[in-house]
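With positions in the sequence shown counted from 1, the corresponding number in the numbering used here is that position plus 527.
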Amino acid sequence: FYGNYGGELFNVRVADGEILWAYTSKNEGKNLGWEPQFNNGVIFDEENRRIITTDGYYLICLQL
528 FYGNYGGELF NVRVADGEIL WAYTSKNEGK NLGWEPQFNN GVIFDEENRR IITTDGYYLI
588 CLQL
């Protein structure tokens, strides 16, 4: 997974660099006084097939 300062989180296949899917923070483009960022990494919940991360403000849980 790769996150950036533009409010996007990417699932990237390491073998060839192909982007498998991208998630854009629901806060992207809103005038909140801060920019959403996915630069703090992700936590994998393998048992429940979830990714837990933050966009710098909200905690986000994505079901895989």
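For every residue, glycine included, the Cβ atom is placed at its ideal position computed from N, Cα and C.
None of these values were measured; they are calculated from a predicted model.
{"Asked": "Which residues DSSP lists as bridging F537, in chain order", "Found": "Y529, A549"}
{"Asked": "Cutoff 6 Å; reference N566; Cβ partners in own chain excluding five residues on either side", "Found": "G530"}
{"Asked": "Own chain partners of Q564 with C-beta closer than 6 Å, once the 5 adjacent residues on each side are dropped", "Found": "Y532, G583"}
{"Asked": "Reference L589; option with closest CA among E545, Y550, G544", "Found": "Y550"}
{"Asked": "Among L559, W561, G556, T581, the one whose alpha carbon lies nearest that of V569", "Found": "T581"}
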